[in-house]
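Written out as structure tokens, the structure reads:
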């Protein structure tokens, strides 16, 4: 026998990709949007993001201790807690009190992920679970948005230490569009805001407003092959198609499909939320069905429903359908038929 | 690589590991140093073990049959050298674990294969001199088996059949695994012999068309084979040299059939079921040597390569030479050499016993360094399956590796069966791309072994 040789199963080489690397790439892709959030919503936005991250790490560590894991810090290495934290932070208004962010993140981690068994076992996107909890519990706080600080010369800077805040709340483009549907007119006003909706100079949740920053991040993910084009394309195409139905029916009441894509969390969802590998289907065929369904649900809620936060509910509903999609959209073995189940 | 408009032939799925062929690709085949001892395994093929024809103390001549094949699906083994039988004892074998081998001590006068330098010279070959029955008899007598790795007895494979007729012969020159270059050198240096063998096989099996598939990362081999086909006017009529896209595992038989013929072999079935015969280039060369010169299969080309070897080389060596002797001939281990693999890095089996003998199906010895394996594996920590679906995207067999692996992990083997676990070709693509570092291939292999052995009774 030779000394120092290792016997291991084939294959003996592997691709330079790991769970941690995938999550790290997602975090890097979120950085432009973090910078945009800091630019438009100033310091408090960054505080919210930071709080969510710290809470996420602490929550996961405490959960590991409760579960009596031999290495409680090890699961933090896959960085998925931080991804959840940032996406959850992006989905809340910039002026959300810090304590609400803490509660939301803890719920997202515990009920969204740990209770199911940790990374890989959860059914629902943890960030969306957290946001749903916050919306249900603190509805008023979650639907009061602040205008970006860059709009007026007398900026409303919300700092952690100031006692009195002068919050200027302006209806977000989506809120205006719902009003337009009710009134049967006024969609034009929202359509004219397309440019600022693209750059991010509008009201909205702190990470979803700057479509430009999110697209840069999405492009990074596509180039690095962290995600494939199927889910983003499916979501965006589906939103476009279903929004067009309303638009061509009544352009005065329903806003332009392109505006719908830039409004709210559609781009954030398409590139970062829907592409969460754990909660989306396994096969490419299934991913197209998933994305198409997502777009349909988002538009259904936006055009016919009252809720703000259409994206969040749509994601949670499609997550629930993912196991079914996996059963229906199977791969075919070469020379055979898809397995019966 | 030149730009070409035509879409290259390929198959769905597959991966692109770093080829690393440059380590040994330009090393001409050379004779291995004279071995001190040969261990000729009595099972070097699919099918029944050979019965030994010699015992301790017998003298054997070079090429003498020392193991007889009794069953139909079996192949004889011969002594590569003139020498004395020291006995029959156990040696390590990558599939069997341990198996019986005839141990031969070569005589001092052996200098290596005499006509080594005449190999590949087949200018005077005339196909009409060899009727089909002669070819089949020669192949059987020579003990030729599939030298690409499977070891299926070639006599059985090229037996003509009528249900269905064996219409197509595919000669596999893909050598899709990283690092290994044995088949490449055979194609570059012995092209006429390979073509002669292909023509003989075609005649024996009654095939009407022959494809010679070569991956596009081997332009010299493609050129050599095209020239050789052109030299044999009768071959040029029905042998087509086809370039396929370089992708692992293009050399798998289902992937070859899919790429070249755009057909699928039904699950659970083999190529002859749709009238296809697939032979490795080295096997074809052996067929030519057997039919023309009456040579039994006693030597083969083994590629010794990898960053863990100081002087990567390609050897023409006798069957039964130990891995240790080939490694020593190649300059020995580099620093921090960690893994000795028989085969390539994707499907090859790692060994610790360097006295393992080379068999008819050993095409390569790949030695990898520790740091390089760790870097390639990206120092991966194993996490739970994140359901990313990459394994499904790359699976060339079109099955769901993560689902199957997890059914095996949880002991639900019957469920694994319904998920077509038997369609797995164990190529390793799924483990290669898995970000969670789950040993998918290993789990699936374990499931298959369990399925194959669960009904066997343990002998008393």
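Chains as they are written, first to last, in our numbering: chain S, 106 to 446; chain B, 3 to 462.
All C-beta atoms in this analysis are idealised placements derived from N, C-alpha and C, irrespective of residue type, glycine included.
Interface residues of chain S around residue 421 of chain B at Cβ under 7 Å? Here residue 421 of chain B refers to the residue found at position 419 of the second chain. What residue 421 of chain B touches in chain S: 444.
Do residue 45 of chain B and residue 98 of chain B have their CB atoms nearer than 8 Å? The residue you call residue 45 of chain B lines up with position 43 of the second chain. The residue you call residue 98 of chain B lines up with position 96 of the second chain. Yes, the pair counts as a contact, with Cβ atoms nearer than the cut-off.
Could you name each continuous beta strand (DSSP E) segment of 3 residues or more that falls completely within the region 300-368 of chain B, going from the start of the chain to the end? 301-307, 315-320, 339-344 and 351-353
Beta-carbon separation of residue 366 of chain S and residue 285 of chain S under 8 Å? As a position in the first chain, residue 366 of chain S is number 261, starting the count at 1. As a position in the first chain, residue 285 of chain S is number 180, starting the count at 1. No, Cβ-Cβ distance for residue 366 of chain S and residue 285 of chain S is not below 8 Å.
Compare the C-alpha of residue 75 of chain B against each of B:153, B:18 and B:41 and name the closest. Here residue 75 of chain B is taken as the residue at index 73 of the second chain, counted from 1. Closest option to residue 75 of chain B, Cα to Cα, is B:153.
6 Å Cβ shell around residue 385 of chain B - same chain, five flanking residues per side excluded: As a working mapping, residue 385 of chain B is identified with position 383 in the second chain. So the qualifying residues of the chain are 438.
Where does the unbroken beta strand (DSSP E) through residue 108 of chain B begin, and where does it stop? Locating residue 108 of chain B in the second chain gives position 106, where the first residue counts as 1. 99-108 is the extent of the beta strand (DSSP E) around residue 108 of chain B.
Reduced DSSP secondary structure (H/G/I, E/B, other) of residue 355 of chain S: The residue you call residue 355 of chain S lines up with position 250 of the first chain. Here residue 355 of chain S sits in coil by DSSP.
Short CB-CB distance (under 8 Å) between residue 263 of chain B and chain S: Your numbering for residue 263 of chain B matches position 261 in the second chain. Answer no: the Cβ-Cβ gap between residue 263 of chain B and chain S never drops below 8 Å.
Would you check if the distance between the CB atom of residue 452 of chain B and the CB atom of residue 269 of chain B is smaller than 8 Å? For the purposes of this step, residue 452 of chain B is taken as residue 450 along the second chain, with counting starting at 1. For the purposes of this step, residue 269 of chain B is taken as residue 267 along the second chain, with counting starting at 1. It is not a contact, given that the beta carbons lie outside the stated cut-off.
Is the CB-CB distance between residue 203 of chain B and residue 286 of chain B below 8 Å? Taking the second chain and counting its residues from 1, the one referred to as residue 203 of chain B is at position 201. Taking the second chain and counting its residues from 1, the one referred to as residue 286 of chain B is at position 284. Residue 286 of chain B sits close to residue 203 of chain B, with the two beta carbons spaced by under 8 Å.
Short of 6 Å in beta carbon distance, which residues of its chain neighbour residue 434 of chain B, apart from the five on each side in sequence? Order them along the chain. Counting from one through the second chain, the residue named residue 434 of chain B turns up at place 432. Non-local C-beta neighbours of residue 434 of chain B in its own chain, meaning closer than 6 Å and more than five positions away in sequence, comprise 17, ordered along the chain.
Looking at the structure shown, is residue 91 of chain B part of a helix, part of a strand, or coil, going by DSSP? Here residue 91 of chain B refers to the residue found at position 89 when the second chain is read from its first residue. Residue state, collapsed to three classes: strand.
Bridge partners for residue 214 of chain B per DSSP, in chain order? By one-based count along the second chain, residue 214 of chain B stands at place 212. DSSP, once it has assigned bridges, lists B:173 and B:243 as partnering residue 214 of chain B.
Indicate the three-state DSSP secondary structure (helix, strand or coil) for residue 273 of chain B in the structure shown. On the second chain, residue 273 of chain B is found 271 positions in, with the first residue counted as 1. The answer is helix: DSSP assigns residue 273 of chain B an H, G or I state.
Count the other CB atoms, across all protein chains shown, that sit within 10 Å of the CB of residue 272 of chain S; report buried if there are 16 or more and exposed otherwise. Residue 272 of chain S sits at position 167 when you count from the first residue of the first chain. Interpretation of residue 272 of chain S is limited by its pLDDT of 43, a score under 50 that renders its predicted location unreliable; no figure is taken from the coordinates.
Endpoints, the alpha helix (DSSP H) within which residue 287 of chain S is located: If you number the first chain from 1, residue 287 of chain S lands on position 182. 278-288 is the extent of the alpha helix (DSSP H) around residue 287 of chain S.
Proximal residues of chain B, C-beta to C-beta of residue 383 of chain S below 7 Å: To locate residue 383 of chain S, count along the first chain from 1; it is residue 278. Those are 388 and 389, listed as they occur along chain B.
Going by Cα to Cα distance, which pick from S:185, S:396 and S:151 is closest to residue 162 of chain S? Translated into positions along the first chain, residue 162 of chain S becomes position 57. That would be S:185, whose Cα lies nearest to the Cα of residue 162 of chain S.
Pick helix, strand or coil for residue 247 of chain S, following the three-state DSSP scheme. Position 142 of the first chain, counted from the start, is the residue given in the question as residue 247 of chain S. Residue state, collapsed to three classes: helix.
Which first and last residues belong to the alpha helix (DSSP H) in which residue 68 of chain B is found? As a working note, residue 68 of chain B is residue 66 in the second chain. Per DSSP, residue 68 of chain B belongs to no alpha helix (DSSP H); it is in the beta strand (DSSP E), 67-70.
With 16 other Cβ atoms within 10 Å as the buried cut-off, status of residue 92 of chain B: For this step, residue 92 of chain B is matched to residue 90 along the second chain. Exposed is the call here.
Give the DSSP-derived three-state secondary structure of residue 429 of chain B in the structure shown. Translated into the one-based positions of the second chain, residue 429 of chain B becomes position 427. Residue 429 of chain B falls in the coil class under three-state DSSP.
In whole angstroms, what separates the C-alpha of residue 27 of chain B from that of residue 187 of chain B? Within the second chain, residue 27 of chain B is the residue found at index 25, counting from 1. Within the second chain, residue 187 of chain B is the residue found at index 185, counting from 1. Between residue 27 of chain B and residue 187 of chain B, the C-alpha separation is close to 7 Å.
How big is the Cα-Cα spacing for residue 170 of chain S and residue 147 of chain B? Taking the first residue of the first chain as position 1, residue 170 of chain S is located at position 65. Taking the first residue of the second chain as position 1, residue 147 of chain B is located at position 145. If you draw a straight line from the Cα of residue 170 of chain S to the Cα of residue 147 of chain B, it comes to about 58 Å.
Could you have a look at residue 334 of chain S and say whether DSSP puts it in helix, strand or coil? The residue given as residue 334 of chain S occupies position 229 in the first chain. Three-state DSSP puts residue 334 of chain S in coil, outside helix and strand.
Measuring CB atoms only, is the region 225-242 of chain S touching the region 202-217 of chain S, in the sense that at least three cross pairs come out at less than 8 Å? Contact annotation: the region 225-242 of chain S touches the region 202-217 of chain S, with at least three C-beta pairs closer than 8 Å.
Three-pair Cβ contact test at 8 Å for the region 192-210 of chain B versus the region 219-233 of chain B: yes
Note down the Cα distance separating residue 314 of chain S from residue 304 of chain S, rounded to an integer number of angstroms. Start at 1 with the first residue of the first chain, and residue 314 of chain S comes out as number 209. Start at 1 with the first residue of the first chain, and residue 304 of chain S comes out as number 199. Going from the Cα of residue 314 of chain S to the Cα of residue 304 of chain S covers about 8 Å.
So the candidates are B:164, B:198 and B:428; which of them puts its Cα closest to the Cα of residue 291 of chain B? Taking the second chain and counting its residues from 1, the one referred to as residue 291 of chain B is at position 289. Ranking the options by Cα distance to residue 291 of chain B, first place goes to B:198.
Spatially closest choice to residue 400 of chain S from S:442, S:289, S:135 and S:370, by CA coordinates: If you number the first chain from 1, residue 400 of chain S lands on position 295. Selected option, being the one with the closest Cα: S:370.
Below 8 Å between beta carbons is the criterion; list the residues of the region 434-457 of chain B that meet it against any residue of chain S, in chain order. Flagged, chain order: 434, 435, 436, 437, 438, 439, 441, 443, 444 and 447.
Could you name the residues of chain B that residue 183 of chain S contacts, counting a contact when the two beta carbons are closer than 8 Å? Within the first chain, residue 183 of chain S is the residue found at index 78, counting from 1. Ordered by position in chain B, the residues that pass the 8 Å Cβ test against residue 183 of chain S are 383 and 385.
Neighbour flag for residue 438 of chain S against chain B, beta carbons, 8 Å: Mapped onto the first chain, residue 438 of chain S falls at position 333. By this cut-off, residue 438 of chain S is an interface position.
Please report whether the beta-carbon of residue 363 of chain B lies at a distance below 8 Å from any beta-carbon of chain S. As a first step, residue 363 of chain B is located in the second chain; it is residue number 361 there, counting from the start. Cβ-Cβ to chain S under 8 Å: no for residue 363 of chain B.
Checking contacts by CB at 8 Å: is residue 300 of chain B closer than that to chain S? As a working note, residue 300 of chain B is residue 298 in the second chain. No, residue 300 of chain B does not count as interfacial toward chain S.
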